[in-house]
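Enquirer:
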Amino acid sequence: MAQESESTAKRAELPMRLTRLRVKNFRSIADIDIPLSPLTVLVGPNGSGKSNVVDALRFVRDVLAHGLDQAVMDREGMGVVQRWGTEGEGVTIGITVELPEMVNPHKYGSNPTPEPAAKVDYEFCIGDLHGEGLVVIGESILINAKGEPPMKVVVNEEGEFVEYGKRQWKRTNFDSDFWQRQDVNGPEIHFMKSESYLFGDGKWSKKYVEENGYSWRRNGIAAIRTEKEIHDSLFYNLNPSDLRQPQKMVKESPYDENGRNLAAVLRSLFRTGGGANWDGLLFALRQTVPGFSDIEVESVGGYLATKLLYHNGTAKSRASYLGQESDGTIRMMGLLAALYQEPAQPFICIEEPEANIHPGALAILAGVIDEASLRSQILVTTHSPDMLDHLPVESFLVVEKVGDTTHVGPLDASQISSVRKRLFTPGELFRMEGLQRQTESAS
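The sequence shown begins at 1 in full-length UniProt numbering and counts up by one.
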């Protein structure tokens, strides 16, 4: 049966949590506004658009990490990014992030600065409105930091607009430092066009911290924290063929999205003294790989080679290099490394974790995924009935395609009731009639 969720009290202590995703005119998505939980499971058949929902989040990460032009080029241009038939409307993606209060040794100026709890809404709109190439139509950020009036900054083709509590400023000429202030008693502020993420080279939020005094720091720090945590988000779609060969000695953290530092991550987990994460990884492999007992990582001429040790009924173990293992064993190890890596990452996405994995091993993997959401926010996509039977039903978001449009919503209340009454498992419902999305008229 589907699991009940783990302790929500522990999950609330995550360093960042994405709570909402808003997307318009991106790939097959016309308009969605969905909640994101500490563990979110996107479930739907092949071709429903699960990967497009994931890529909307990845696109935000790529824009902040590599710039807008590179993010679009990596997707083969706006013709792929833009929903077909909406070329004159623009592509809009927005996220809501909640940040808990933290004590951080970082210094801004000469004094250590506390990092207050905050809620941040960030959104941008891009498009090719007049056939003249990619442009930024607008960008906005709304910050609600504890102990500070809300601050909203909007940048678009008409100018820059700032609201700070009841005070407002605007500037319509980007080539001028002149600001029109509706509150003449408000503090002067100094942004330039280049300090917008998309209109320039990013990190305008640092301006609040460095130049506008402590009254602006709380909002500025919230913006900086948001940028950092989104930048550090990881999206895994591991291919066993990429993990088979010995790997170069590279950094141990974070675990690479393609698994290119798997051996270094495993060695690091072992060197930390065989703590709970290392023990958990070994336990999961022992439950899913017959005869497996341990892992060794050895240095071979500037490379790291991973070996699996097996009991053969005698005192001596049999060793097998990772390249000799099955795709299922290799991918299971790669996924476990993502979920047990140290330090824990703020946001981890895994697409179709069931791929190449024997159905009998999915209960163990699902349990590791659920437990990992105590350390990191987890997003997974799946169309596996066996995987669904071992994940908490309240974490499901149903993805379906109607015509050529992707829709996303919570699981229908009647199906949730059937699962909780133990009449059917989620996997049985998925096989019999498919999991149904709760429609607005039924909510």
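In this text, a Cβ means the ideal position worked out from N, Cα and C, and glycines have one as well.
Our contact map puts glutamate 89 next to glycine 127 with C-beta atoms below 8 Å; I'd like the distance itself, whole angstroms only.
Expert: 7 Å
Enquirer: With respect to the alpha helix (DSSP H) encompassing glutamate 371, which residues constitute its N-terminal and C-terminal limits?
Expert: 362 to 372
Enquirer: Helix, strand or coil for proline 359, going by three-state DSSP, please let me know.
Expert: helix
Enquirer: Quickly, what does DSSP pair asparagine 144 with across the bridge? List them, please.
Expert: Lys119
Enquirer: In terms of residues, what are the limits of the alpha helix (DSSP H) holding glutamate 428?
Expert: 426 to 432
Enquirer: Mind the definition here: the stretch 293 to 312 touches the stretch 335 to 351 only if three or more C-beta pairs lie below 8 Å; say whether that holds.
Expert: no
Enquirer: Pull up the distance between the alpha-carbon of proline 149 and that of threonine 226, whole angstroms please.
Expert: Answer to the nearest angstrom: the Cα atoms are 18 Å apart.
Enquirer: Does the distance from the CB of histidine 266 to the CB of alanine 337 come in under 8 Å?
Expert: Sequence check: residue 266 is leucine here, not histidine. Yes, these two residues count as a Cβ contact at 8 Å.
Enquirer: Looking at the unbroken beta strand (DSSP E) that takes in alanine 344, where does it start and where does it end?
Expert: Careful: alanine 344 lies outside any beta strand (DSSP E) and carries neither H nor E.
Enquirer: Over what stretch of residues does the beta strand (DSSP E) that includes aspartate 33 continue unbroken?
Expert: 29 to 35
Enquirer: In whole angstroms, what is the alpha-carbon distance linking proline 116 and glutamate 98?
Expert: 11 Å
Enquirer: Quick check on arginine 22: does DSSP put it in helix, strand or coil?
Expert: strand
Enquirer: Among the residues of its own chain, which have a CB less than 7 Å from the CB of glutamine 335, if the five just before and after it don't count?
Expert: Rather than glutamine, the amino acid found at residue 335 in this sequence is leucine. Cβ within range, chain order: Leu238, Ile350, Pro353, Leu365.
Enquirer: Please name the residue, chosen from Ser233, Glu298, Tyr303, Leu308, that lies closest to arginine 286 on a Cα-to-Cα basis.
Expert: If we check each option's Cα against that of arginine 286, Leu308 comes out closest.
Enquirer: Considering only their Cβ atoms, is the gap separating valine 54 from phenylalanine 235 smaller than 8 Å?
Expert: Taking 8 Å as the Cβ cut-off, phenylalanine 235 and valine 54 qualify as a contacting pair.
Enquirer: For the alpha helix (DSSP H) that contains asparagine 312, what are its first and last residues?
Expert: Run containing asparagine 312: none; DSSP gives neither H nor E here.
Enquirer: Reducing DSSP to helix, strand and coil, say where methionine 249 ends up.
Expert: Correct three-state label for methionine 249: coil.
Enquirer: Quick check: what's the CA-CA separation for glutamate 394 versus threonine 96?
Expert: 20 Å
Enquirer: Given 8 Å as the limit, is there contact between the stretch 25 to 35 and the stretch 70 to 85, that is, 3 or more CB pairs closer than that?
Expert: yes
Enquirer: For isoleucine 224 and phenylalanine 347, I'd like the C-alpha separation in whole angstroms.
Expert: Rounded to whole angstroms, isoleucine 224 to phenylalanine 347 spans 16 Å at the Cα level.
Enquirer: CB serine 48 to CB glutamate 400, shorter than 8 Å?
Expert: yes
Enquirer: Hey, glutamine 436 and valine 398: beta-carbon distance below 8 Å or not?
Expert: yes
Enquirer: Is it true that the CB of glutamine 345 sits closer than 8 Å to the CB of serine 376?
Expert: yes
Enquirer: Please list, in chain order, all residues of the same chain as tyrosine 310 whose beta carbon is under 8 Å from its beta carbon, the five residues on each side excluded.
Expert: Same-chain partners within the cutoff: Gly291, Phe292, Ser293, Ser317, Arg318, Ala319, Ser320.
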